[in-house]
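Asker:
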Amino acid sequence: MNNSGDRTFVMIKPDGVSRGLVGEIVSRIEATGLRVEQMRLERLSQEIVEENYAEHRGKEFFEPTVAYVTSGPVVLMIVTGTGAQAIMRKLMGATNPTDAAPGTIRGDFALDISANVIHGSDSPESAAREIALFFGGREA
Ligand code: CMP
Numbered sequence: 014m015n016n017s018g019d020r021t022f023v024m025i026k027p028d029g030v031s032r033g034l035v036g037e038i039v040s041r042i043e044a045t046g047l048r049v050e051q052m053r054l055e056r057l058s059q060e061i062v063e064e065n066y067a068e069h070r071g072k073e074f075f076e077p078t079v080a081y082v083t084s085g086p087v088v089l090m091i092v093t094g095t096g097a098q099a100i101m102r103k104l105m106g107a108t109n110p111t112d113a114a115p116g117t118i119r120g121d122f123a124l125d126i127s128a129n130v131i132h133g134s135d136s137p138e139s140a141a142r143e144i145a146l147f148f149g150g151r152e153a
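Numbering follows this note's numbering, with no gaps: position 115 of the sequence shown is 128.
Structure (structure tokens):
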């Protein structure tokens, strides 16, 4: 099966943008052979972030996470290539930077579970949903 058209959604969070890590992160993505198909910088509304994190509604970290992600501009990307979703998860490292291995984006650049630099879709189904949410109707 040819999966070269696999796509996933990636967001560089406000700490990644404000710390000037966008170039470093895009370099790491491109170095794997994956490609950035679409990318834009935007300050997100509370509504779209709540929808993106809807599965976490009711958890104690839901509201602080939404407040954090809307606190400054983020970079939104569609990343494409064989196994894009799984490869991005490996490249990012564990959600909690305490558990993220050195050499991963979170392991190298994050200390805080909320300000953990980057978000990536956690399954192919989430990738399709998140791409539609953030890029639906914008794909040329
Ligand atoms: P992300 O991959 O963007 O998905 C949900 C986010 O919630 C997660 O990364 C973390 O930044 C944030 N978060 C904050 N606290 C927790 C927690 N205890 N467990 C999981 N995610 C958390």
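Beta carbons: idealized from backbone N, C-alpha and C, even for Gly.
Determine the extent of the beta strand (DSSP E) in which Phe22 is found, giving its start and end residues.
Answerer: To locate residue 22, count along the sequence shown from 1; it is residue 9. Start and end: 20 to 25.
Asker: Could you please give the first and the last residue of the uninterrupted alpha helix (DSSP H) stretch that includes Thr45?
Answerer: Numbered from 1 along the sequence shown, position 32 holds the residue referred to as residue 45. Note, Thr45: premise wrong, no alpha helix (DSSP H); not H, not E.
Asker: On a CA-only basis, which of Asp135, Pro115, Thr108, Gly120 is nearest Gln98? Give me that one, please.
Answerer: Locating residue 98 in the sequence shown gives position 85, where the first residue counts as 1. It is Asp135 whose Cα lies nearest to the Cα of Gln98.
Asker: I'd like the list of long-range same chain contacts for Asn65, defined as Cβ closer than 7 Å, with 5 residues on each side in sequence excluded.
Answerer: Taking the sequence shown and counting its residues from 1, the one referred to as residue 65 is at position 52. Here the set comprises Glu143, Leu146.
Asker: Using only the heavy atoms of the ligand CMP, determine whether one of them is closer than 8 Å to the beta carbon of Ser127.
Answerer: As a working note, residue 127 is residue 114 in the sequence shown. For the ligand CMP, at least one heavy atom lies less than 8 Å from the Cβ of Ser127.
Asker: Comparing the CB of Lys103 with every heavy atom of the ligand CMP, is any distance shorter than 8 Å?
Answerer: Indexing the sequence shown from 1 puts residue 103 at position 90. It does not: the Cβ of Lys103 is nowhere closer than 8 Å to a heavy atom of the ligand CMP.
Asker: Please confirm whether Gly94 and Asp19 have their CB atoms less than 9 Å apart.
Answerer: The residue given as residue 94 occupies position 81 in the sequence shown. The residue given as residue 19 occupies position 6 in the sequence shown. Closer than 9 Å, so yes.
Asker: Starting from Ile100, follow the alpha helix (DSSP H) in both directions and report where the run begins and ends.
Answerer: As a position in the sequence shown, residue 100 is number 87, starting the count at 1. 97 to 105 is the span of the alpha helix (DSSP H), which, as asked, contains Ile100.
Asker: In three-state terms, what does DSSP make of Ile1?
Answerer: The structure shown does not extend to residue 1, since the chain is modelled only from 14 to 153, so the question has no answer here.
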